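So the sequence shown is residues 266 to 699, counted in the numbering used here.
Heads up: the structure comes next, in structure tokens.
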Amino acid sequence: MLVKKIVTIFKDFPKKHAAAIVFGLLMLLSISVLGNFDFSDQKKDADLIKKIEIDILKQETLFEPILTAKETTIKRNDSLFTILSKFGVKKDNIINLINSKNSNLLSSIEVGDKIRVNLDENNEIKDLLYIDDFQSGVRADRFENAYNINKFKHSLEKVRIFKHVVIEDSMYVSGLKEGIPESVLMDVVYINGWDIDFTHDIRSGDSFSLIYEEILVDGEKVLDGDVLITEFNNKGNKITSIRFDLTNAKSEYFSSEGINVKKAFLRSPVKLSYISSKYNLRRKHPVLHTIRSHNGVDYAASKGSPVRATGDGTISFAQYNGGCGNEIKIKHSEDYTTRYCHLDKYNSRSKVGRKIKQGQTIGYVGSTGLATGPHLHYEFHVNGKHSDPLKVKFPNATPIKSSEKIKFNQVAFNLASQLSNYKDISLREEVPSG
Ligand SMILES: [Zn+2]
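As structure tokens, this is what we get:
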């Protein structure tokens with residue numbers, strides 16, 4: 266009886282698996298026979314069969330059929346039929362899929378979405394995933410000659426990543442070396458860009474630490490999430506910025522004391538990504554021009570790079586002006602004026618009297634006037650006097666409301682403690698042992 270049962274089980278089993286199982290069974294039987302002469306006992310008999318069946322089930326998961334995975338991004342004029350045909354799936358199989366219940370979920374495929382299939386050794390679809398975005402889509406699983414078709418939605422998981430970077434050559438290169446994704450680095454530049462001019466302020470030996478989120482689906486990273494905290498050590502100053510979700514559903518960055526990192530002025534009128542010395546930010550670029558008294562800062566960038574207004578204001582001057590070349594002046598308040606020189610071209614909206622928003626493009630880098638190469642000369646005037654744009658103290662944007670202060674302090678405390686714990690551990694690990 267036992268033997269008959271085993272034979273039935275083997276019938277549905279591929280040969281190579283059978284060999285392994287026969288060996289296992291012989292072992293099992295020999296142990297049972299030698300160790301226990303009550304073998305004919307009906308109950309034990311049944312128990313043994315049960316055990317063998319469980320063993321076989323366990324084995325089965327080890328011997329999954331060989332599948333071929335195929336994937337494509339849907340292009341214009343693609344249809345499910347053409348895509349699957351290209352994958353080598355036969356017409357009959359495609360028709361089985363299309364005739365299955367709920368196949369209407371697959372009827373409107375969209376350009377840019379993905380289709381991923383697992384084909385068995387006969388090139389028949391075992392399962393198919395239609396991926397709408399990284400999180401949701403439609404799934405089809407073969408069941409006998411038809412398919413079970415259903416929508417799916419994965420839940421997202423967020424993990425926190427800690428990094429500590431000592432700047433050797435440039436903030437950018439050193440960050441990439443530590444494995445920080447470019448988009449996260451750009452966020453760090455944005456968050457700290459109100460306090461630090463990354464073109465002129467970074468010194469070798471400066472360092473920064475941060476915690477950012479990674480978004481996972483099924484344990485796989487799909488996106489870089491938000492930067493939660495950064496701590497920048499710049500020329501001996503420690504600048505901490507903490508992300509906080511405000512009650513109006515917006516998130517902003519604040520210092521440990523709850524002061525908004527945003528300021529009335531951007532530190533730099535040219536985005537870091539346009540700076541010629543992007544890959545070597547520490548090095549000071551040579552002075553490229555000679556305006557008689559040099560009262561500003563120069564940003565070397567290729568011709569045509571956008572120049573942005575560093576603060577809200579009104580354009581008070583926009584025309585060619587001697588050594589400054591094509592010039593723009595913005596009046597921000599009674600006290601503050603900024604000046605931009607050597608522009609190649611003006612933005613079409615840059616007309617005298619026009620209101621300008623912070624970050625808005627006002628013109629493009631050039632070398633008009635007295636300049637030997639394309640760069641922006643930028644000046645900052647306080648009460649009509651030249652001020653060093655790298656040192657001037659900017660007015661701050663709105664701080665944390667007093668009603669949100671308790672919650673903020675809690676968030677800030679938790680993130681700062683987490684950052685310092687991570688830092689302790691990572692720095693301890695760097696100390697060579699022995
Ligand atoms: Zn200059």
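We put the beta carbon where it would ideally sit given N, CA and C, even for glycine.
Being a predicted model, the structure only gives us computed values, none of them experimental.
- Shown here for V482: same chain residues with a beta carbon closer than 7 Å to its own, the five before and five after excluded, namely F399, Q400, H419 and L421 in chain order.
- Here S520 really is in contact with T505; their C-beta atoms are around 6 Å apart, less than 8 Å.
- In the same chain as D600, and ignoring 5 residues on each side of it, the C-beta atoms closer than 8 Å to its own belong to V647 and N648, in chain order.
- With respect to G634, H597 sits apart: the two C-beta atoms are not nearer than 9 Å.
- Counting only residues of its own chain and dropping the five nearest sequence neighbours on each side, N358 has a CB closer than 7 Å to the CB of E389 and I390.
- A residue is called buried when at least 16 other Cβ atoms come within 10 angstroms of its Cβ; Y518 meets this threshold and is buried.
- With 16 or more other CB atoms across the displayed protein chains lying within 10 angstroms of its CB, Y629 is buried.
- With 16 or more other Cβ atoms inside 10 Å of its own Cβ, T603 counts as buried.
- Spatial neighbours of L655 in its own chain (CB-CB distance under 7 Å, excluding positions within 5 residues in sequence) are listed in chain order as D462, H465, D466 and V562.
- Within the region 560 to 615, the runs of beta strand (DSSP E) that reach at least 3 residues and sit entirely inside it are, in chain order, 562 to 565, 571 to 573, 578 to 585, 591 to 596 and 601 to 608.
- For V438, the shortest C-beta to heavy atom distance toward ligand 1 is 8 Å or greater.
- With a threshold of 8 Å, the Cβ atom of H465 does not count as near ligand 1, since no heavy atom of the ligand is closer than that.
- The alpha carbon of W459 has as its nearest neighbour, out of I374, T637 and F530, the alpha carbon of F530.
- The continuous stretches of alpha helix (DSSP H) do not include S373, and DSSP gives it neither H nor E.
- When rounded, the separation of the alpha-carbon atoms in N364 and L349 is 15 Å.
- Counted as a single uninterrupted DSSP element, the beta strand (DSSP E) harbouring V403 occupies residues S401 to F408.
- Contact between T337 and I396 does not hold, since their C-beta atoms are separated by about 11 Å, which reaches or exceeds 8 Å.
- For the pair of segments examined, the region 610 to 624 was found to touch the region 570 to 579: the number of CB pairs separated by less than 8 Å reaches three.
- Taking the Cα positions, N361 is about 15 Å away from G353.
- Residue burial is scored here from C-beta neighbours: R407 has at least 16 other C-beta atoms within 10 angstroms and is therefore classed as buried.
- Here S448 has D489 as same chain residues with Cβ atoms under 6 Å from its own Cβ, once five neighbours each way along the sequence are excluded.
- By the CB criterion at 9 Å, F427 and A677 fall outside the cutoff.
- Membership of K379 in the beta strand (DSSP E) is indicated by the continuous run K379 to L384.
- Taking each of P446, Y455 and K500 in turn and checking the Cα distance to S472, the smallest one comes out for K500.
- Collapsing the DSSP output to three states places I665 in coil.
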